[in-house]
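Trainee: What follows is a structure written as structure tokens; I'll ask about it next.
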Amino acid sequence: MPRFFFHLRRDHRTLADCEGIVVANADAAHRQALATLRDFVQPSTGRVPPEWEGWLMQIADERGRCVFSIPFAEAPELAAREQPPRRDERRSSRVVYLDIERARREFSSVEGEVCRHIHRTMTLVDRARSQSDSLRAMLQAAAEVRQQSQELLARSRSQSSIGDWCWAYATAKGP
Amino acid sequence: MSYIAAPAMSPDLTAKVAGRNRLLAALPPADLALLTPHLVEFNLETGAVLHEPGQPIKRVYFPHSGLVSLLGILPEGQAIDTASIGRDGAIGLSAGLGAQTALSRAVVQLPGRAAQIAPNRLAEVAARSRAVQDMIVRYGDVLLAQVQHAVVCNTVHHVQERLCRWLLHAHDRIEGDTVPITQEFLSGMLGVQRTTVTAICRMLQADNIVDVRRGRIHIRDLVALERRSCSCYRVVRRLTDYS
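See the structure below:
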């Protein structure tokens, strides 16, 4: 049976596992890694202690190739999820599943992001439309006011010319 | 498991015995003198099962050194540490007040020595000595409190804190700074994956707190280890302070 090594990594620092564990296959090593990470969740807070959050568990095979790695920060999520399905339900290697699962997760998060953006754009367009409508109404009202004031001006002008004439007539006649 | 053929202790050994097991040491000299003739030295060897649930209590043990765990056993066979007993306690003490059968599995985790006594002898002494009766009752309470605390600790504290606490308790019960336990064993005690224990040990080693070798863990920085442990270490230690 193959041996797998559970190294700890953070940035450029590696705490190598020199002993490793013997398990049936990469699938079993993956299950072991998930169970290990679940242990790291603090029961009272449901979180990983801060000093572990930046670390990564890297699982390597006997040739030193990294088979997969899981960040400790993902542990609460793993713990919240149900126990992994039984061995007989998944016969093929879990390593493949991991990639598909991660891709699915990332895809759904991107999808959610896009939906949020679309929604935001739609509300912005709606707002712009209603603003342009009210602007048009205001312009129309301004035009009406302008017309009314022009009419008033014209009337007042004609009335003032009549007044001038009356005044001139009165002063010319005298008492 | 091996029994050491030892004669009943001479009175001059009384002081030596009392100086080691702290329950015995807390007894008034007159009461201790009643017990001493019946105490027999016993070697605690790693892995020896002292009591098995449902089985009659054949001997009561007062450890002078070493560590005995009381294990909670699940139907699936997994056994998890619920209380650790060292020179501050006794195993099967309630037999002195008439208990017949053991209720949990007691396994030697760290080797050492103990004084043992037959339950009927202990009961005879207890019938004559109020101090011995008090010791038995009081220790029952202490043990209960210890187990209650373990339950709280297991539910609330992080595995790293619990591991450090376990190492500190073990360190208190050995000579020197090297605890002769495997990581495999520690994972069983804490009820976590072995890979979890190795990861934590590697981190503690990188921080110069412990030195992990095959089958043993050497403690390099006791102060730092206590800083990483939960406060339960101090609390449980205070419980067994009989002075």
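Residue numbers (the working numbering), protein chains in the order written: chain D, 1 to 175; chain B, 1 to 243.
Beta carbons: idealized from backbone N, C-alpha and C, even for Gly.
Per DSSP, which one or two residues make a beta bridge with valine 179 of chain B?
Mentor: BP columns for valine 179 of chain B point to B/Ile217.
Trainee: At what residues does the beta strand (DSSP E) containing alanine 60 of chain D begin and finish?
Mentor: Per DSSP, alanine 60 of chain D belongs to the beta strand (DSSP E) from 56-60.
Trainee: Taking the alpha helix (DSSP H) that glutamate 226 of chain B falls in, what are its first and last residues?
Mentor: Its alpha helix (DSSP H) spans residues 222-228.
Trainee: What's the call for isoleucine 162 of chain D, buried or exposed, on a 16-neighbour Cβ count within 10 Å?
Mentor: Exposed is the call here.
Trainee: Would you list, in chain order, the members of the segment 139-161 of chain B that have their beta-carbon closer than 9 Å to a beta-carbon of chain D?
Mentor: The residues in question are Asn154, Thr155, Val156, His157, His158, Val159, Gln160, Glu161.
Trainee: Is the CB of aspartate 39 of chain D under 7 Å away from at least one CB in chain B?
Mentor: Closer than 7 Å to some Cβ of chain B, the Cβ of aspartate 39 of chain D qualifies, so yes.
Trainee: Can you grab the Cα-Cα spacing for the pair alanine 143 of chain D / glutamine 150 of chain D, in whole Å?
Mentor: Cα-Cα distance, rounded: 11 Å.
Trainee: Are there 16 or more other CB atoms within 10 angstroms of the CB of glutamine 131 of chain D, so buried, or fewer, so exposed?
Mentor: Glutamine 131 of chain D comes out exposed.
Trainee: Check whether chain E comes within 7 Å of glutamine 193 of chain B, counting only Cβ atoms and requiring the distance to be less than that.
Mentor: Absent from the structure is chain E; the protein chains it does hold are D and B.
Trainee: Let's test the definition: count the other Cβ atoms within 10 Å of the Cβ of methionine 122 of chain D and tell me whether it reaches 16, buried, or not, exposed.
Mentor: Under this definition methionine 122 of chain D is an exposed residue.
Trainee: Can you tell me whether DSSP reads cysteine 18 of chain D as helix, strand or coil?
Mentor: Coil.
Trainee: How many Å lie between proline 28 of chain B and threonine 36 of chain B at the Cα?
Mentor: For proline 28 of chain B and threonine 36 of chain B, the distance between alpha carbons rounds to 12 Å.
Trainee: Quick check on the DSSP output: the alpha helix (DSSP H) that includes isoleucine 200 of chain B runs from which residue to which?
Mentor: Taken as a continuous stretch (DSSP letters only), the alpha helix (DSSP H) holding isoleucine 200 of chain B covers 194-206.
Trainee: Could you pull the start and end residues of the alpha helix (DSSP H) that alanine 35 of chain D belongs to?
Mentor: Element bounds for alanine 35 of chain D: 26-39.
Trainee: So, with DSSP's three-state summary, where would you put asparagine 120 of chain B?
Mentor: Here asparagine 120 of chain B sits in helix by DSSP.
Trainee: Using beta-carbon positions only, say whether arginine 214 of chain B and glycine 86 of chain B come within less than 7 Å of one another.
Mentor: Cβ distance not < 7 Å, so arginine 214 of chain B and glycine 86 of chain B don't count as in contact.
Trainee: So, are the CB atoms of valine 132 of chain B and valine 142 of chain B less than 7 Å apart?
Mentor: No, the pair does not count as a contact, with Cβ atoms beyond the cut-off.
Trainee: Need the endpoints of the beta strand (DSSP E) that alanine 83 of chain B sits in, please.
Mentor: That run of the beta strand (DSSP E) goes 79-85.
Trainee: Hey, how far is the Cα of proline 85 of chain D from the Cα of arginine 120 of chain D?
Mentor: Confidence in proline 85 of chain D is poor, its pLDDT being 47 and thus under 50, which makes the residue's placement too unreliable to answer from.
Trainee: Any residues in the segment 171-204 of chain B with a beta carbon nearer than 8 Å to a beta carbon of chain D? Which ones, in chain order?
Mentor: Correct list: Val192, Gln193, Arg194, Thr195, Thr196, Thr198, Ala199, Arg202, Met203.
Trainee: Going straight from the alpha carbon of arginine 128 of chain B to that of glycine 98 of chain B, what length do you get?
Mentor: The alpha-carbon atoms of arginine 128 of chain B and glycine 98 of chain B are separated by roughly 14 Å.
Trainee: Beta-carbon of glutamine 32 of chain D versus every beta-carbon of chain B: anything under 7 Å?
Mentor: Chain B, which has a Cβ nearer than 7 Å to the Cβ of glutamine 32 of chain D, makes this yes.
Trainee: Could you check whether the Cβ of phenylalanine 6 of chain D sits closer than 7 Å to any Cβ belonging to chain B?
Mentor: At least one chain B Cβ lies under 7 Å of phenylalanine 6 of chain D.
Trainee: Using the beta-carbon count (16 or more within 10 Å), is proline 75 of chain B buried or exposed?
Mentor: Exposed, because fewer than 16 other Cβ atoms sit within 10 Å of the Cβ of proline 75 of chain B.
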